[in-house]
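The next block holds one structure in the form of structure tokens; read it before the comments.
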Amino acid sequence: MTTEEEQMQGPSGSEEKIYVSVRLRPLNDKERLRNAVPDWECINNTTIIYRSHLSISERSMYPSAYSFDRVFGPECGTRQVYDQGAKEVAFSVVSGVNASVFAYGQTSSGKTYTMSGITDCALVDIYDYIDKHKEREFILKFSAMEIYNESVR
Numbered sequence: 001m002t003t004e005e006e007q008m009q010g011p012s013g014s015e016e017k018i019y020v021s022v023r024l025r026p027l028n029d030k031e032r033l034r035n036a037v038p039d040w041e042c043i044n045n046t047t048i049i050y051r052s053h054l055s056i057s058e059r060s061m062y063p064s065a066y067s068f069d070r071v072f073g074p075e076c077g078t079r080q081v082y083d084q085g086a087k088e089v090a091f092s093v094v095s096g097v098n099a100s101v102f103a104y105g106q107t108s109s110g111k112t113y114t115m116s117g118i119t120d121c122a123l124v125d126i127y128d129y130i131d132k133h134k135e136r137e138f139i140l141k142f143s144a145m146e147i148y149n150e151s152v153r
């Protein structure tokens, strides 16, 4: 486990990579009312599997397991997604590193819900850090946008 100071320093080393995490949303009320079954399942904290409704012979034609840096199941709250999936990137800004947290997915997959929560957590943590380090001067620039049907909103 890293300390807050270590997290604030951001990624180390000469190479940086894009950290990819996936959050599976829970079934919504309409889906639960019709007794829908989730198509995706987290089998551990890095892998999801597709629970296809295809026949066994059809399933073999398609990959069914996908691995990522981190996977969050439907039971995970936004704070956990932030703490384990975005906090290190968000904190890297206090070290002068530009950071981007990006959500991608189909309509109604939970992007806005997740990003609103992650943004709130990040801003609280960053401003708490700034308040604790009055000996330093910080300039923060923040942008947020939504791209929907190839239009910026």
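Note that UniProt numbering has the sequence shown beginning at 1, numbered continuously upward. By construction, the Cβ of each residue, glycine as well, lies at the ideal position given by its N, Cα and C atoms. No experiment lies behind these values; they were computed from the predicted model shown.
{"Item": "Inter-stretch contact at 8 Å, needing at least 3 Cβ pairs: the region 120–138 / the region 26–45", "Value": "no"}
{"Item": "Segment limits, alpha helix (DSSP H) that includes R79", "Value": "78–85"}
{"Item": "Option in V81, F142, K17, S95 with minimal Cα separation from H133", "Value": "S95"}
{"Item": "Distance between R34 and Q7 (C-alpha atoms, nearest Å)", "Value": "Note on Q7: pLDDT 47, under 50, position unreliable in the model; the coordinate value appears next. Taking the straight line from one Cα to the other gives about 44 Å."}
{"Item": "From K87, F68, R23, V22, residue whose alpha carbon lies closest to that of residue 241", "Value": "Any answer about residue 241 is impossible in this case: the structure gives the chain only from 1 up to 153."}
{"Item": "Beta-carbon proximity check, V71 vs S21, cutoff 8 Å", "Value": "yes"}
{"Item": "Same chain, Cβ closer than 7 Å to V81, neighbours up to 5 away in sequence not counted", "Value": "R23, F72, T114, I118"}
{"Item": "DSSP bridge partner residues for I49 (one or two, in chain order)", "Value": "E41, A65"}
{"Item": "Inter-residue CB distance, S67 and T47 (contact presumed, cutoff 8 Å)", "Value": "5 Å"}
{"Item": "Distance between A90 and A103 (C-alpha atoms, nearest Å)", "Value": "14 Å"}
{"Item": "S21, enclosing beta strand (DSSP E) - first and last residue", "Value": "21–23"}
{"Item": "Which of helix, strand or coil DSSP assigns to A32", "Value": "Reading the sequence as shown, one finds Arg at residue 32 and not Ala. In the structure shown, R32 sits in a helix (DSSP, three-state: H, G or I)."}
{"Item": "Residue of G105, A36, S100 minimising C-alpha distance to Y148", "Value": "G105"}
{"Item": "Beta-carbon spacing of R51, S109 below 8 Å", "Value": "no"}
{"Item": "Buried or exposed by the 16-neighbour rule on C-beta atoms within 10 Å, applied to A36", "Value": "exposed"}
{"Item": "Residue 163 (DSSP reduced to helix, strand or coil)", "Value": "In the structure as shown, the chain starts at 1 and stops at 153, and residue 163 therefore has no counterpart that could be examined."}
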